[in-house]
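Asks: Position 174 of the sequence shown, counting from 1, maps to 215 under the working numbering, and the rest follow consecutively.
The following block contains the structure, expressed as structure tokens.
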Amino acid sequence: MSIVIALVAEKNGRITEIAEVKGKILKTANLIVKKFEPATNDRKCFEENGYYFCVLAHNGTVYLAATASSGNQRLSFQFLETIKNEYEARDWLNKDDLTRFEDYIEEQMDLFTNHPERVDKVKNVQHKVDEAKEIGLSNLGKLLDRGERLENLQEKADNLHQQSNRFQSVAKKLKCLEVKRNIIVTIVLIICCAILVGILIGILYYLLKDK
42 MSIVIALVAE KNGRITEIAE VKGKILKTAN LIVKKFEPAT NDRKCFEENG YYFCVLAHNG
102 TVYLAATASS GNQRLSFQFL ETIKNEYEAR DWLNKDDLTR FEDYIEEQMD LFTNHPERVD
162 KVKNVQHKVD EAKEIGLSNL GKLLDRGERL ENLQEKADNL HQQSNRFQSV AKKLKCLEVK
222 RNIIVTIVLI ICCAILVGIL IGILYYLLKD K
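Okay, structure coming up:
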């Protein structure tokens, strides 16, 4: 977008004019601000001979920006809002010397024409939104990765728990077998002892009987 004309028509009839083109286009711009009803607090765009004229009226003052192509109407009105805010904030209506105001308009024309990325609020907000999305996606990715790691840890913990349960089950079975084996051994020993005692008693009986 290339802003080639900027006009500020005050309610006292004074017009501040910054123009990079002359001739019919400049005359058209001046005619628009003179014919535009300043009391409407309105904004409109007009097209004439390949140029687009965006007009903003506020509190009796008319602001106009002309671009060499359709450009970006939103950015044109943002430029006009910037000029309006400067005009009202410094009360240029009641000042005779508008040199500094003209310099400010020229600076803004250059900024909006050659460096729109610095002043395009919507694009800047969109850029921040995109950055936030990227950060959100990155954080989500990390969160999902962390979730996967947690799931892996949980799976390993479940496996260890299952192995521990199996080990405890096998240990119980082995313990039961050991107890049964001890009981059987004890019974066998008792039987063997009983048999030995019986044999000894029998021997002693025969020995005593012969005497």
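All C-beta atoms in this analysis are idealised placements derived from N, C-alpha and C, irrespective of residue type, glycine included.
Fair warning: this is a prediction, and the values are worked out from it, not measured in the lab.
Please tell me whether T81 and Y93 are closer than 9 Å, where the distance is taken between their beta carbons.
Replies: The answer is no: Cβ separation not under 9 Å.
Asks: Which of helix, strand or coil does DSSP assign to E88?
Replies: Correct three-state label for E88: strand.
Asks: Specify the secondary structure class of F77 as computed by DSSP and reduced to three states.
Replies: Coil, per DSSP.
Asks: Using only CA atoms, which one of Q149, L201, V160, L245 lies nearest to I59?
Replies: Of Q149, L201, V160, L245, the residue nearest in Cα terms is Q149.
Asks: Per DSSP, what are the beta-bridge partners of T102 in this structure?
Replies: T102 is bridged to H99.
Asks: For my contact list, R84 and V96 are in at a C-beta cut-off of 8 Å; report their separation, rounded to the angstrom.
Replies: Between V96 and R84 the Cβ distance is about 7 Å, and since that is below 8 Å, they are a contact.
Asks: Quick one: what's got a C-beta closer than 6 Å to V166's C-beta in the same chain, skipping five residues either side?
Replies: Residue confidence for V166 is low, a pLDDT of 48 falling below 50, so the modelled location carries little weight; the figure read from the coordinates is stated next. Cβ neighbours of V166 beyond the five flanking positions: none.
Asks: Assign V45 to one of three DSSP states: helix, strand, or coil.
Replies: Residue state, collapsed to three classes: strand.
Asks: Tell me where the beta strand (DSSP E) around E58 begins and ends.
Replies: That run of the beta strand (DSSP E) goes 56–60.
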